[in-house]
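Trainee: Shown below is the structure under consideration.
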Amino acid sequence: MKRPASTICLLFSITATLFLTGCGALSQHAKAIETAIVGYSDYYIEVYDLSGQVKEQYRQLDKRQSAIDYTITIDIPDYTSVDPAAVGFTPPAPDYATMSASQYRSAAAASLRVRLEAYAYDNAFSSYVELPVTFSLTETADGFLAALSGTSRNDVKTTVDSMVLSLLDSYPAYTENYRLATVADARFSLLDGLFGSDYAALTSVRKVVSNGDGTYEMTLVYPDPYDVYDALAQQYYASFNQPFYGDAQAASLSADNLGGIDAADMSTMTNAVTVALDADAGVCTLADASVVESQISAARMQAEAAAEQRVNEEWRVPEAEIPSNGEILEGTSGGNKIVFVSDADLGKYYYVRFYLLPGDDASEDGTLEAGMFLVGGQKASVRLPSGYYRVACWIGDAWYGLDALFGPDATEFGSENAIRSRFGYINTISFE
Numbered sequence: 522m523k524r525p526a527s528t529i530c531l532l533f534s535i536t537a538t539l540f541l542t543g544c545g546a547l548s549q550h551a552k553a554i555e556t557a558i559v560g561y562s563d564y565y566i567e568v569y570d571l572s573g574q575v576k577e578q579y580r581q582l583d584k585r586q587s588a589i590d591y592t593i594t595i596d597i598p599d600y601t602s603v604d605p606a607a608v609g610f611t612p613p614a615p616d617y618a619t620m621s622a623s624q625y626r627s628a629a630a631a632s633l634r635v636r637l638e639a640y641a642y643d644n645a646f647s648s649y650v651e652l653p654v655t656f657s658l659t660e661t662a663d664g665f666l667a668a669l670s671g672t673s674r675n676d677v678k679t680t681v682d683s684m685v686l687s688l689l690d691s692y693p694a695y696t697e698n699y700r701l702a703t704v705a706d707a708r709f710s711l712l713d714g715l716f717g718s719d720y721a722a723l724t725s726v727r728k729v730v731s732n733g734d735g736t737y738e739m740t741l742v743y744p745d746p747y748d749v750y751d752a753l754a755q756q757y758y759a760s761f762n763q764p765f766y767g768d769a770q771a772a773s774l775s776a777d778n779l780g781g782i783d784a785a786d787m788s789t790m791t792n793a794v795t796v797a798l799d800a801d802a803g804v805c806t807l808a809d810a811s812v813v814e815s816q817i818s819a820a821r822m823q824a825e826a827a828a829e830q831r832v833n834e835e836w837r838v839p840e841a842e843i844p845s846n847g848e849i850l851e852g853t854s855g856g857n858k859i860v861f862v863s864d865a866d867l868g869k870y871y872y873v874r875f876y877l878l879p880g881d882d883a884s885e886d887g888t889l890e891a892g893m894f895l896v897g898g899q900k901a902s903v904r905l906p907s908g909y910y911r912v913a914c915w916i917g918d919a920w921y922g923l924d925a926l927f928g929p930d931a932t933e934f935g936s937e938n939a940i941r942s943r944f945g946y947i948n949t950i951s952f953e
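The sequence shown lines up with residues 522 to 953 when you count with the working numbering.
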């Protein structure tokens with residue numbers, strides 16, 4: 522019999538009243554199964570002639586068993602046989618902010634199932650699906666306890682869900698909504714190349730509208746690209762903590778990685794892109810994103826230019842004009858002649874400093890007397906007042922001025938012995 526609508530939440534129907542006599546155990550088994558059916562609330566089912574089914578199987582039981590299984594045939598309304606218009610179902614609109622396309626399909630199916638089960642309470646179906654399920658009985662101190670097996674629960678779910686999804690696909694409004702959800706769901710893969718992977722993950726969809734030609738206008742909300750790339754430029758600048766030498770730095774900012782950047786308080790922009798959907802294959806492609814693309818490109822170029830200028834002004838050490846061979850750049854040349862012979866195989870340029878010592882111990886620092894620039898492979902001379910001198914020499918291929926000399930790639934040589942400048946003698950220092 523059908524139960525009144527007030528008990529619809531129980532989701533089952535037993536159409537035969539138990540009437541068992543002459544066997545207390547048989548009656549207890551049937552009652553336990555009936556209680557389990559009443560307690561089953563996952564899906565709407567109907568059970569006919571429960572007493573007859575139990576009685577037939579009871580005769581064949583091994584009464585000595587402590588655990589007993591009964592196979593009961595249940596009836597599930599054939600939801601595919603119902604007129605979709607009669608159910609009173611309106612597919613829900615997709616929530617782009619919280620649902621993927623698959624989640625929307627599941628939510629729509631759950632909503633339709635509720636309507637179908639409500640319809641089943643009030644209306645007879647022309648056909649039903651018979652499904653054998655297993656109830657396992659165990660004996661307790663208070664009698665017998667029956668439970669629907671896990672496998673049977675899954676069988677019921679699979680059977681009902683399959684019918685519900687089949688019927689769901691017959692609603693044109695659902696089909697269109699699912700397409701909208703599919704377009705919105707594709708935004709991350711579609712926008713990776715446009716925004717950068719981490720930036721794309723910050724986008725949300727405000728709405729999706731069909732253009733009627735297989736394309737859809739997807740309205741996006743995303744952090745202002747000028748704010749995003751300004752933050753990337755700040756992060757890029759902060760990565761420099763020491764001078765670099767030579768060519769100017771060219772900044773290349775990417776929103777693939779926004780680690781360390783908080784976009785929560787950034788202003789947002791709203792713009793639309795056009796997406797083409799191959800409904801049969803379920804594949805989306807970006808048909809037109811020119812407005813968003815130009816905006817992001819302009820923001821990136823502006824931020825890169827600002828970052829380059831700041832970094833190069835504050836951290837770059839540019840190459841300096843090459844002095845002439847033998848030019849004295851520090852101190853003065855006067856006194857006794859010292860000849861320096863350089864070797865081009867050791868390096869392109871040399872810079873030599875002479876430190877006047879208080880004695881003849883070359884391990885002392887001394888006082889800088891003169892500094893001379895040389896071109897590798899050439900000779901040059903300097904004149905120094907009489908005394909002992911410590912000699913320090915740097916060799917390199919690019920000249921950055923007196924402060925940096927040849928930069929971090931320079932090779933440094935030092936004299937372990939003090940050279941002596943004295944009147945009437947010419948000293949020669951050779952690096953050949």
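Built from N, CA and C at the ideal position, the CB exists for glycine as well.
Could you pull out every residue in the same chain whose Cβ sits closer than 8 Å to the Cβ of P879, ignoring the five residues on either side in sequence?
Mentor: Against the sequence shown, residue 879 aligns to sequence position 358. So the list reads E885 and G887, once near-sequence residues are dropped.
Trainee: Indicate whether the contact test is met: 3 or more Cβ pairs, each with one atom in the segment 815-824 and one in the segment 899-913, closer than 8 Å.
Mentor: Using a Cβ-Cβ distance cut-off of 8 Å, the segment 815-824 and the segment 899-913 are not in contact, since fewer than three pairs of beta carbons, one from each stretch, lie closer than that value.
Trainee: At what residue ranges does the segment 592-671 contain a whole run of the alpha helix (DSSP H), taking only runs of 4 or more?
Mentor: 622-643
Trainee: Could you tell me which of G928, A925 and I950 sits nearest to E937, measuring between CA atoms?
Mentor: Taking the sequence shown and counting its residues from 1, one reaches residue 937 at position 416. Minimum Cα distance to E937 is reached at I950.
Trainee: Below 8 Å on the Cβ atoms is my guess for Y758 versus L774; work out the distance and round it to an integer in Å.
Mentor: Counting from 1 along the sequence shown, the entry for residue 758 is found at position 237. Counting from 1 along the sequence shown, the entry for residue 774 is found at position 253. Not really, about 11 Å apart at Cβ, beyond 8 Å.
Trainee: If you count every other CB in all the chains shown that lies within 10 Å of the CB of N698, and 16 or more means buried, which is it?
Mentor: The residue you call residue 698 lines up with position 177 of the sequence shown. N698 comes out buried.
Trainee: From the beta carbon of Y600, is the nearest beta carbon of chain C less than 7 Å away?
Mentor: The displayed structure is made up of one protein chain only, and chain C is not part of it.
Trainee: Kindly list the residues whose CB is nearer than 6 Å to the CB of I916, restricted to its own chain and excluding five residues on each side of it in sequence; keep chain order.
Mentor: For the purposes of this step, residue 916 is identified with residue 395 of the sequence shown, where counting begins at 1. Hits under 6 Å: L867, G868, Y871 and T932.
Trainee: Which class does S845 belong to by DSSP, given the choice of helix, strand or coil?
Mentor: What you label residue 845 is simply residue 324 of the sequence shown in a count that begins at 1. In this structure, S845 counts as coil in the three-state DSSP scheme.
Trainee: Buried or exposed for P693, please, with buried defined as at least 16 other CB atoms from any protein chain shown within 10 angstroms of its CB.
Mentor: Position 172 of the sequence shown, counted from the start, is the residue given in the question as residue 693. The residue is exposed, with fewer than 16 neighbouring Cβ atoms inside 10 Å.
Trainee: Looking at C-alpha atoms only, which residue of D570, A776 and G898 is the closest neighbour of D864?
Mentor: Here residue 864 refers to the residue found at position 343 when the sequence shown is read from its first residue. Residue G898 is the option with its Cα nearest to D864.
Trainee: Rounded to whole angstroms, what is the Cα-Cα separation between I637 and S683?
Mentor: The residue given as residue 637 occupies position 116 in the sequence shown. The residue given as residue 683 occupies position 162 in the sequence shown. Checking the sequence shown, residue 637 turns out to be Leu, not Ile. Approximately 13 Å between the Cα atoms of the pair.
Trainee: Kindly indicate which three-state DSSP category E885 falls into: helix, strand or coil?
Mentor: As a position in the sequence shown, residue 885 is number 364, starting the count at 1. In the structure shown, the three-state DSSP call for E885 is coil.
Trainee: Are there 16 or more other CB atoms within 10 angstroms of the CB of L712, so buried, or fewer, so exposed?
Mentor: Residue numbering aside, residue 712 sits at position 191 when the sequence shown is read from its first letter. It counts as buried.
Trainee: What do you get for G928, buried or exposed, if any count of 16 or more other CB atoms within 10 angstroms of its CB means buried?
Mentor: Counted from its first residue, the sequence shown places residue 928 at position 407. G928 should be labelled buried.
Trainee: Can you tell me whether L850 is buried or exposed, with buried defined as 16 or more other CB within 10 angstroms of its CB?
Mentor: By 1-based counting over the sequence shown, the position of residue 850 is 329. Residue environment: L850 is assigned as exposed (fewer than 16 neighbouring CB atoms within 10 Å of its CB, all protein chains considered).
Trainee: Buried or exposed: where does V559 fall if 16 or more other Cβ atoms within 10 Å of its Cβ makes it buried?
Mentor: In the sequence shown, the residue the question calls residue 559 occupies position 38. Around the beta carbon of V559, fewer than 16 other beta carbons lie within 10 angstroms, which makes this residue exposed.
Trainee: Entirely within the segment 709-773 and at least 4 residues each: give me those alpha helix (DSSP H) ranges in chain order.
Mentor: 718-721 and 746-759
Trainee: Roughly how many angstroms separate the alpha carbons of V903 and K858, rounded to a whole number?
Mentor: One-based indexing of the sequence shown puts residue 903 at position 382. One-based indexing of the sequence shown puts residue 858 at position 337. Whole-angstrom Cα-Cα distance: 6 Å.
Trainee: Measure how close the beta-carbons of A557 and F665 come, nearest whole angstrom, since I'm counting them as under 8 Å.
Mentor: Translated into the one-based positions of the sequence shown, residue 557 becomes position 36. Translated into the one-based positions of the sequence shown, residue 665 becomes position 144. In fact, because the Cβ distance is near 10 Å, the residues do not count as touching under 8 Å.
Trainee: Beta carbon of A641, beta carbon of Y565: below 7 Å?
Mentor: Within the sequence shown, residue 641 is the residue found at index 120, counting from 1. Within the sequence shown, residue 565 is the residue found at index 44, counting from 1. Against a cut-off of 7 Å, the Cβ pair of Y565 and A641 comes out as a contact.
Trainee: Under the three-state reduction of DSSP, which class applies to I554: helix, strand or coil?
Mentor: Looking up residue 554 in the sequence shown gives position 33. DSSP places I554 in helix when its eight states are reduced to three.
Trainee: What first and last residue would you give for the alpha helix (DSSP H) that runs through D510?
Mentor: Residue coverage of the chain in this structure runs from 522 to 953, which leaves residue 510 outside it and unanswerable.
Trainee: Do T736 and A793 have their C-beta atoms closer together than 7 Å?
Mentor: Sequence index remark: in the sequence shown, residue 736 carries index 215 (1-based). Sequence index remark: in the sequence shown, residue 793 carries index 272 (1-based). No. Outside cutoff.
Trainee: Thinking C-beta only, is L688 closer than 7 Å to T592?
Mentor: Residue mapping note: residue 592 aligns to position 71 of the sequence shown, counting from 1. Residue mapping note: residue 688 aligns to position 167 of the sequence shown, counting from 1. Going by C-beta atoms, T592 is not nearer than 7 Å to L688.
Trainee: Using DSSP with H/G/I as helix, E/B as strand and the rest coil, what is A705?
Mentor: As a first step, residue 705 must be located in the sequence shown, where it is residue number 184. Correct three-state label for A705: helix.
Trainee: State the CB to CB distance for the pair V654 and V681, rounded to an integer number of angstroms; the pair is presumed to be in contact (CB under 8 Å).
Mentor: For the purposes of this step, residue 654 is identified with residue 133 of the sequence shown, where counting begins at 1. For the purposes of this step, residue 681 is identified with residue 160 of the sequence shown, where counting begins at 1. Separation of the CB atoms of V654 and V681 is rounded to 12 Å, and the pair is thereby denied contact status at 8 Å.
Trainee: What three-state label does DSSP hand N938 in the structure shown?
Mentor: Against the sequence shown, residue 938 aligns to sequence position 417. Coil at N938, not helix or strand.
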